[in-house]
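Chains A and Y, in that order, are what the protein sequence lines are.
Under the working numbering, the first residue of the first sequence carries the number 153, and numbering increases by one thereafter.
Under the working numbering, the first residue of the second sequence carries the number 76, and numbering increases by one thereafter.
All residues carry an ideal CB built from backbone N, CA and C; glycine is no exception.
Note sheet for the following structure.
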Amino acid sequence: MSSSTIQLPRVRQLIKPSSHKNTPAWVVGLLSLAVAVLIGVKGGPAQLVTTLVTGGMWALMSVGLALIFGVMNIPHFAHGESFMVGAFVAWAVFTPLNGYLQQHPSRFLSTVAPFAGIIVAAIVGAAMGVVIERVIFATLRHRTKEGWVMNAFLLTVGISYVLTNGATLTLGPDYRGVPQYWDVPPLQFLGIRLTVDRLAAFIIALVVIVTLWLFLQRTSTGRAIRAVSQDETGAQMVGINLDGIQTLTFALATATAALAGASLLFMFPAYPLVGLNPLYYSWYVVMLVGLGNVPGAILGGFIVALFQTATQQFFGISWINVVPTAIMVIVLLVAPSGIFGSEVKGIQEQ
Amino acid sequence: MLAIKDIDASYDFLQVLWGVSLAVQEGEFVALIGPNGAGKTTTLRTIAGLIRPSAGQVIFDGKSIKGLRPHEISRMGVAYVSESLNLFTNMSVRENLWLGAYSIHDKERREESQQFVFQLFPRLKERAKQLAGTMSGGERKMLAIARGIMSCPRAMLIDEPSLGLAPHLAHEVFQGLLTLNKRGVTILLVEQNVHMTLEITSRAYVLEHGRVVMAGPSQELKQNEHVRKAYLGI
């Protein structure tokens, strides 16, 4: 790039928000840093750990949302239901395993059993994604693309209703949770008590996000996904099968949400409406950073978690939904396309 | 090798092409010229599968490709370089080229085509890491053509490569196309720059109001009274 002497036009770049122009990103970034320091001073490192664990999960949820919007232009309002399904599946797999382990203790199996639940949840999530995409969105896409964003949005709301009510009908409104995945004493350091479950949830989120990121950046299929999000026609022109990429994207996003629901089962017991909060928070994240901006969503997950922890710390837990919503209103007024901007063909264009 | 027969095509209720037929032989460099709105772009988009014709046949290599989806046609070896380029603006030049070779699984062939396009347009090599969206118009045109070449096509459909380019850049692009044709790639070129186009192509079709009104060797068309008046301004 050193050879380029021409003046670059103002294109907001992914991940590297152009340093001198992007004021909203700087304001939010500095604000987050200040809040993090405040929390660290007042609440101690324990609060920062909480932020990281929650942030990892919001990031995991938001990445899926950003992918679905970026690649398929669907404002997905049934993303929480993937979380819910993941939680139920993990519960259904883990509970009998755990019962068996109570009678036949085995160190190895107790370590592995939670992973079994989480992995099965992700697989079921992916399968659910494929079915929903093929049956509903592919059908709509092949029929007409007119008014796509609105129609797709209404469909996702419908899917959400069907899934939550279906769950209530078949499984009942009861909470089904597990007290903990790994029955071992919490880790203690720096005066923090960190349960293995929370640590595992954070590590899982991190591993999945990094894997997904490398997949998108380094593999030919990942590159094709990004290509579709930037120019559908161009993608077809180079031989990319749009339908295949869209189904894959939807399945990936649904699987990560299900995985989030499964790995947080110890915190959020499974019940039909368990996906609502994760849905709201992942929407806060993608609106904050810009719809369809995947790397932004990762960062945004942690920023929103930070504001959440700060609200809890300084205003009390009853304000926990108020502050993020207020911030959202401000962001929409000041920087409607999000603080990092979004590069995808968006609602504006439709 | 590439032919369309009696194509009708329309956007919603507006019919644009009326029984258009043309044929390009293997290794030929053929131009399609005509005024704005004549249906030149529509013709190319129809061959590329982006528009479904309401009547007629599209034939590539003796097989009907009508109704195939764009990615299938691209994989058969027909590369389309659109007027709006459809680049992946937020990706680097190199990534755009890699995506051009998306359906080529042979690593050696990919490397070979990459070397060829860098040789053809050395500017792209200098800018390999730059985002496609931050390049100048001429560089973007080159990148779009290069991306098409990366799929090792047997035929290329190229729409208005010289539009909006400074004369020396347009010249560079045309030289690139000639080199490409000499390597055996069949080219169907749509152009507004009729003078230059008739210089480098061997045959040309003239499209007006969605109908082919004239066809013949480029040198002959250059002498034609109607072409001279309407397109060459002589």
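Beta strand (DSSP E) segment containing Y:Arg324, residue limits: Past the edges of chain Y, shown from 76 to 309, lies residue 324 of chain Y, and the structure says nothing about it.
Contacts that A:Thr385 makes with chain Y (C-beta to C-beta distance below 9 Å): Leu125, Pro145, Ser157, Ser159 and Asn161, listed in chain order.
Minimum C-alpha distance to A:Leu404 - residue among A:Leu364, A:Asn250, A:His294 and A:Val301: When A:Leu364, A:Asn250, A:His294 and A:Val301 are compared, the shortest CA-CA separation from A:Leu404 is found for A:Leu364.
Nearest-angstrom Cβ-Cβ length linking A:Phe289 and A:Ala304, presumed shorter than 8 Å: The pair is a contact, with the Cβ atoms about 7 Å apart (cut-off 8 Å).
C-beta atoms of Y:Gly259 and Y:Gly102 nearer than 7 Å: It is a contact, given that the beta carbons lie within the stated cut-off.
For A:His172, the three-state DSSP class (helix, strand or coil): The predicted model places A:His172 with a pLDDT of 45, which falls under 50 and marks its position as unreliable; any figure quoted below should be read in that light. When secondary structure is reduced to three states using DSSP, A:His172 falls in the coil class, being assigned neither helix nor strand.
Given 8 Å, three or more beta-carbon pairs between the stretch 181–201 of chain Y and the stretch 131–146 of chain Y: No, because fewer than three Cβ pairs between the stretch 181–201 of chain Y and the stretch 131–146 of chain Y fall closer than 8 Å, the two stretches do not touch.
Beta-carbon proximity of A:Ala242 to A:Ile344, cut-off 7 Å: Using a Cβ distance threshold of 7 Å, A:Ala242 and A:Ile344 do not count as a contacting pair.
Minimum length 4: unbroken alpha helix (DSSP H) runs contained in the stretch 243–286 of chain A: 259–284, all fully within the stretch 243–286 of chain A.
Segment contact flag, the stretch 181–188 of chain A with the stretch 452–462 of chain A, C-beta cutoff 8 Å, min 3 pairs: The way I'd put it, the stretch 181–188 of chain A does touch the stretch 452–462 of chain A; three or more beta-carbon pairs between them come closer than 8 Å.
Spatial neighbours of A:Pro430 in its chain, beta-carbon cut-off 6 Å, leaving aside the 5 residues before and after: If we look at A:Pro430 and ignore the five residues flanking it on each side, its Cβ neighbours are Met213, Gly232 and Phe235.
Chain Y residues whose Cβ lies nearer than 7 Å to that of A:Ala372: Reading off the sequence, residue 372 of chain A comes out as Ser, not Ala. Listed along the chain, the chain Y residues whose CB falls inside 7 Å of the CB of A:Ser372 are Tyr177.
Within 8 Å of chain Y by C-beta, residues of the stretch 428–456 of chain A in sequence order: Answer set for the stretch 428–456 of chain A: empty.
Minimum Cβ-Cβ distance from A:Asn250 to chain Y less than 7 Å: A:Asn250 does not count as touching chain Y.
Three-state secondary structure (DSSP) of Y:Ser85: In the three-state reduction of the DSSP assignment, Y:Ser85 falls in the strand class.
Residues sharing a beta bridge with Y:Thr261, DSSP: DSSP lists Y:Ala230 as the bridge partner or partners of Y:Thr261.
Proximal chain A residues relative to Y:Thr164, where beta-carbon distance stays under 7 Å: Close to Y:Thr164, with beta-carbon spacing below 7 Å, are these residues of chain A in chain order: Gln382.
Any C-beta of chain Y under 7 Å from that of A:Lys168: Note on A:Lys168: pLDDT 41, under 50, position unreliable in the model; the coordinate value appears next. Closer than 7 Å: no.
Bounding residues of the beta strand (DSSP E) (the contiguous stretch that carries Y:Ile126): Counting along the chain, Y:Ile126 falls outside any beta strand (DSSP E), and DSSP gives it neither H nor E.
Beta-carbon proximity of A:Gly453 to A:Gly207, cut-off 7 Å: A contact, by the Cβ cut-off of 7 Å.
Host alpha helix (DSSP H) of A:Ala357 (start-end): It spans Val348 to Arg370 - the alpha helix (DSSP H) in which A:Ala357 sits, taken as one unbroken run.
CB-CB length for A:Gly391 against Y:Tyr177, believed under 8 Å: The beta-carbon distance between A:Gly391 and Y:Tyr177, rounded to whole angstroms, is 5 Å. This is short enough to meet the 8 Å contact definition.
Neighbour-count burial assignment, Y:Lys216, 16 or more Cβ in a 10 Å radius: So Y:Lys216 ends up on the buried side.
C-beta atoms of A:Ser489 and A:Gly444 nearer than 7 Å: Cβ distance not < 7 Å, so A:Ser489 and A:Gly444 don't count as in contact.
Backbone secondary structure at Y:Glu170 - three-state DSSP: Helix.
Min CB distance Y:Arg185 to chain A below 7 Å: Not an interface residue.
Three CB pairs or more closer than 8 Å across the stretch 346–359 of chain A and the stretch 405–418 of chain A: Contact holds: three or more Cβ-Cβ distances are below 8 Å.
Boundaries (first-last residue) of the beta strand (DSSP E) holding Y:Val156: Per DSSP, Y:Val156 belongs to the beta strand (DSSP E) from Val153 to Val156.
Residues that Y:Ser149 contacts on chain A, provided the C-beta gap is smaller than 9 Å: Within chain A, the residues Gln388, Met389, Val390, Gly391 and Ile392 have their CB atoms less than 9 Å from the CB of Y:Ser149, given in chain order.
Interface residues of the stretch 235–252 of chain Y facing chain A [CB-CB below 9 Å]: Hits within the stretch: zero.
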